[in-house]
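Protein chains in written order, with my numbering: chain U, 10 to 252; chain C, 10 to 252.
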């Protein structure tokens with residue numbers, strides 16, 4: 010784990026790092042010492058580890074909950090190099106959709122392929138981050154919607170250290186099989202007028218989680234319109250389950 | 010408005026009253042003076058104004074939010090006399106179901122009939138309670154699930170003083186028409202495995218509310234199994250919208 014920068018502002022220290030060429034960021038409370046809960050955050054498609062929504066919520070986890078937060082760039086996103094393989098599949102999928110094929114199964118297959126790379130990457134990051142003195146091996150949560158749900162469901166299913174997850178804006182076609190392996194508490198976000206994930210697909214994914222403690226929060230609006238009250242709710246959810 | 014008893018314990022004063030022969034209860038903070046938000050609570054079928062779930066949540070509204078709370082017995086419930094008309098309809102409906110008729114439309118028609126009595130009763134209670142010095146004409150919320158939703162939706166639709174509502178465990182067949190007239194913020198509770206309200210009926214009722222600010226919270230479990238975290242959420246919802 011190679012740290013390349015550290016800056017602190019308004020109570021939050023931000024450390025940029027590389028781990029096996031994967032660029033990541035760790036946020037911790039200024040002056041933090043000792044073990045604390047850690048939230049792994051997965052960014053959305055076309056975004057990156059410091060996208061405004063991620064950064065803003067990460068800072069709240071740090072300042073309001075005293076948690077640590079880690080996020081890394083997904084392949085072909087952020088500070089990672091162009092990946093010709095994924096680009097080629099993307100271009101092929103676009104052509105197939107233009108030729109009349111359905112988009113959703115193609116996206117599902119693509120996310121499954123990327124997850125085979127990101128799940129072990131994120132597990133390695135978790136190993137490394139939890140060895141730092143100011144993070145430690147405390148309880149772990151996962152927060153991710155949209156692509157962060159598509160890649161997050163297989164991660165949470167595979168990773169026993171994750172004790173609670175906020176997921177959402179994802180559908181059963183891509184994620185139901187892995188979701189059945191999840192038994193930790195889940196808060197699942199649905200945008201009622203999501204133009205990208207059909208409503209019945211969202212409800213079917215919520216249905217698929219094996220967690221006894223799961224809750225679905227649906228709000229009006231399109232894919233990107235999660236209301237501020239849900240971010241408040243994420244803070245409380247993790248405070249309840251990790252603190 | 011005729012008060013018949015007043016008892017105070019652990020910071021909550023409970024006043025039992027009659028208003029035009031309707032028995033009711035008002036909870037306020039001990040030593041309360043001046044105007045405050047008021048929550049009207051509607052109890053479930055077969056229950057009453059001081060059923061354990063109502064009483065416990067009402068006390069939390071008072072102690073944690075400094076609100077006033079009022080609840081009255083629905084006709085044929087609690088301290089109200091037996092109503093032969095409703096009993097007769099109930100018996101007839103039971104016979105019709107045993108003869109093969111569908112239950113849901115009969116319940117919907119029955120609730121609509123009862124609501125024609127309860128909506129004006131509750132409005133009269135609101136008039137009277139808001140004239141008390143320790144309640145006043147502050148913002149009003151409504152909380153009710155199951156029968157409290159079936160009677161609550163027409164009440165909230167009819168009553169412009171209600172500024173926010175928690176509703177749930179109800180379906181579109183009974184309530185969608187009135188729900189389209191509701192535009193205030195709504196938090197709507199769904200039990201994912203509700204044995205009494207079909208899931209698609211619940212989702213369709215949520216869909217019907219005209220409120221721009223509405224949120225659906227679904228949790229696993231049967232009709233009566235609302236988790237404690239949702240009661241916490243009701244407290245925050247009203248704090249956000251009324252305080």
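Every residue, glycine too, gets a C-beta built ideally from N, C-alpha and C.
Can you tell me whether DSSP reads residue i as helix, strand or coil?
i, result
"residue 154 of chain U", "strand"
"residue 48 of chain U", "strand"
"residue 15 of chain C", "strand"
"residue 112 of chain C", "helix"
"residue 71 of chain C", "helix"
"residue 218 of chain U", "coil"
"residue 180 of chain C", "coil"
"residue 59 of chain U", "coil"
"residue 250 of chain U", "helix"
"residue 41 of chain C", "coil"
"residue 85 of chain C", "coil"
"residue 189 of chain U", "coil"
"residue 98 of chain C", "helix"
"residue 205 of chain C", "coil"
"residue 106 of chain C", "helix"
Report the partner residues of residue i according to the DSSP bridge assignment.
i, result
"residue 36 of chain U", "U/23, U/78"
"residue 228 of chain U", "U/200"
"residue 195 of chain C", "C/174, C/223"
"residue 28 of chain U", "U/31"
How would you list, in chain order, the residues of chain C whose beta-carbon sits under 9 Å from the beta-carbon of residue i?
i, result
"residue 16 of chain U", "Result: empty, since nearest Cβ-Cβ is about 34 Å, beyond 9 Å."
Check the Cβ of residue i against every Cβ in chain U and list those closer than 8 Å, keeping chain order.
i, result
"residue 223 of chain C", "228, 229"
My parser needs the beta strand (DSSP E) runs of 3 or more residues fully inside the region 120-175 of chain U; what are they?
149-154
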